[in-house]
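Under my numbering, think of the first position of the sequence shown as 59, with each following residue one higher.
Every residue gets a Cβ at the ideal spot worked out from N, C-alpha and C, and that includes glycine.
Single-structure report; data block below.
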Amino acid sequence: MSIVSSYGTDDQGALAHIIRYVLPNSLLNSLALTAGVCLLAGAIGVTLAWLTVSCEFPLRRFFAWVLFLPLAVPGYVMAFAFVGLFEYGGSLHSMLRHYRADSGWLLNVYSYGAIVLVLSLVLYPYVYLLARNAFQTLGQRSIEVGQSLGLSVRQSFFKVALPMARPWIAGGILLVAMETLADFGTVAVFNYDTLTTAIYQAWFSLFSLSAALKIAGILLLLVVVVTVLERHSRRQRQYAEGRNAARNTKRLQLGFGAQTAALLFCSSIFMLAFVLPLGQLLYWALPNLSQELTVRFWSYVSGTVLLATLAMFVVVSMAVALAFIARQKKGLVVTSAVRLATLGYALPGTVLAIGIFVPIGYVDHWLQSKGLSSGLLQGSLLVMMMAYSVRFLAVAYTPLENNLLRVTPSIDLASQSLGVAGMAMLRRVHLPLLGPGIVTAMVLVFVDVMKELPITLMTRPFGFNTLAVRVFELTSEGMWERAALPALAIVVVGFLPVYLLIRSTEVSPSVRASK
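Quick look at the structure:
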């Protein structure tokens with residue numbers, strides 16, 4: 059509403075400057091960055107999901123869960139770790155110069171390719187998580203169907219398994235696209251101009267909130283277009299598969315060369331996405347460990363966990379209700395409402411925080427005029443939960459929506475014939491079948507809230523701090539070494555839910571793979 063109302067305001071000077079000097083380059087950069095990240099993150103996520111679910115190679119079970127770990131790493135943390143590693147004065151260049159080796163072959167950390175790589179390494183777990191869920195559901199039967207039609211294993215993958223997994227993969231890529239469009243911290247570290255940096259310039263350099271909200275409207279429009287096109291492309295396709303499709307099937311037994319290639323690919327992604335940045339953070343954090351491990355630091359940890367847990371239950375509960383209503387009440391109005399409710403993920407956290415904070419300020423002012431104390435709502439957990447719900451409802455809704463594809467219409471009809479309908483059907487039929495999707499949604503929301511910076515920073519109660527806020531305070535003052543410990547804590551706190559997620563979704567075949 060704040061974005062829509064901003065188009066009725068008059069701020070021609072700032073807006074004209076942005077349209078002429080800032081917007082063209084920022085828009086092209088955003089589109090190019092989103093396209094590159096979606097392609098690379100999609101390719102990485104789908105490939106890793108297929109290898110760890112359907113193929114047998116050394117250390118497969120190990121990689122199946124450690125490849126989720128980058129999910130707990132904020133983009134801005136990955137960015138400053140990569141800069142510390144690869145910039146000319148960074149760790150790798152310094153080490154190579156120490157041994158008088160050539161360092162010219164190292165990655166140019168401020169190039170377009172480096173930014174795409176860093177964002178892809180942070181965001182590929184969204185695609186990996188949902189694609190893995192799909193391939194576990196489909197199992198080896200999709201390959202067997204293709205082979206029964208005379209197709210090779212490779213042809214069966216591209217012509218049968220991949221198209222059947224399309225809803226899950228598309229959902230993951232949509233999350234990647236929205237996260238890329240809304241990212242500010244990562245691109246700011248690399249000094250790469252996008253629509254989010256244009257919003258920041260309009261707001262904090264030109265002091266024009268109206269112009270910033272207008273640019274945010276362009277972000278929202280881009281997401282609407284992408285979402286509508288994706289929905290239109292599969293509107294007449296039906297996807298339904300039994301829950302036990304992947305059970306009692308065999309994994310593909312790869313040859314020696316293919317096993318080596320799979321092992322090298324998984325190892326390379328794990329090294330780039332987790333081991334190298336973790337090593338850089340440890341290199342910075344260990345010298346200051348005794349000084350930073352204080353009571354204040356542990357209060358940041360406990361505050362982060364409590365906030366993320368509360369938001370997780372609130373947002374996932376809303377997503378379950380929304381998915382159930384969308385399934386039971388079909389129609390243009392409900393469909394449009396669902397799409398509108400899940401578009402908040404594309405909004406930059408700073409604009410979303412202001413968009414909610416400003417009307418809450420008017421409500422507080424009205425309460426004050428009625429004799430109630432001012433500031434009753436501003437800076438409260440209620441405002442934070444409202445902002446998190448808008449921001450992360452799409453994250454929770456996507457895996458739930460895709461898992462509902464497994465609940466065939468015949469199940470609903472059978473339930474209704476037994477007198478179980480409405481909320482009773484949700485409680486007794488849908489929720490048990492949605493178990494993996496609910497776990498996925500809870501982990502995604504928990505980790506995302508734990509990493510969220512702008513909303514937490516601008517709407518938190520007075521004196522309430524989190525690990526993300528601590529990282530921001532230290533990095534804004536140039537103290538990257540001291541910021542390493544709270545950044546490491548974010549990774550460690552996010553490790554447990556990610557581990558529980560992969561344990562809950564792992565499907566073990568009853569028979570070892572054969573050729």
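**C-beta contact flag for residue 104 and residue 174 at 8 Å** = no
**Prompt:** Straight-line CA distance for residue 77 to residue 269?
**Reply:** 10 Å
**Message:** Rounded to whole angstroms, what is the Cα-Cα separation between residue 458 and residue 440?
**Reply:** 25 Å
**Request:** Report yes if the C-beta distance between residue 528 and residue 341 is below 8 Å; otherwise report no.
**Result:** no
**Message:** Report the CB separation of residue 377 from residue 455 in whole angstroms; it is logged as a contact under 8 Å.
**Reply:** 4 Å
**Message:** Taking the alpha helix (DSSP H) that residue 475 belongs to, which residues open and close that run?
**Reply:** 467 to 475
**Request:** List the residues that DSSP assigns as beta-bridge partners of residue 114.
**Result:** 311
**Item:** Of the residues 382, 140, 426 and 520, the one placed nearest residue 442, counting alpha carbons only
**Value:** 520
**Asked** Grouping DSSP H, G and I as helix and E and B as strand, with all else coil, what is residue 339?
**Response** helix
**Item:** Whole-Å CB distance - residue 428 paired with residue 132, under 8 Å assumed
**Value:** With a Cβ gap of about 41 Å, residue 428 and residue 132 do not count as contacting.
**Message:** Suppose contacts are defined by Cβ-Cβ distances below 8 Å. Is residue 234 in contact with residue 150 by that definition?
**Reply:** no
**Item:** Helix, strand or coil at residue 568 according to DSSP, with G and I counted as helix
**Value:** Note on residue 568: pLDDT 33, under 50, position unreliable in the model; the coordinate value appears next. Three-state DSSP puts residue 568 in coil, outside helix and strand.
**Candidates 283, 313, 254 and 337, of which the one nearest residue 138 by Cα** = 337
**Prompt:** Hey, quick one: how far does the alpha helix (DSSP H) through residue 498 stretch, first residue to last?
**Reply:** 493 to 509
**Cβ shell of residue 504 (< 6 Å), same chain only, five flanking positions each side left out** = 366, 370 and 555
**Asked** When burial is assigned at 16 or more other CB atoms within 10 Å of the CB, is residue 136 buried or exposed?
**Response** buried
**Any 3 or more C-beta pairs closer than 8 Å across the stretch 107 to 119 and the stretch 317 to 331** = yes
**Asked** Hey, how far is the Cα of residue 343 from the Cα of residue 548?
**Response** 13 Å
**Asked** How would you label residue 349, buried or exposed, when you count the other beta carbons within 10 angstroms and need 16 or more for buried?
**Response** exposed
**residue 236 vs residue 374 beta-carbon contact at 8 Å** = no
**Item:** Anticipated Cβ contact below 8 Å, residue 512 with residue 407, distance rounded
**Value:** 3 Å
**Asked** If we ignore side chains and look at the alpha-carbon of each, how far apart do residue 134 and residue 424 end up?
**Response** 38 Å
**Asked** Would DSSP call residue 242 helix, strand or coil?
**Response** coil
**Prompt:** Are residue 176 and residue 140 closer than 8 Å when you measure CB to CB?
**Reply:** yes
**Prompt:** residue 394 lies in the alpha helix (DSSP H); which residues open and close that run?
**Reply:** 390 to 399
**Prompt:** Would you report the Cα separation of residue 364 and residue 339, rounded to the nearest angstrom?
**Reply:** 25 Å
**Asked** Going by Cα to Cα distance, which pick from 124, 245 and 239 is closest to residue 167?
**Response** 245
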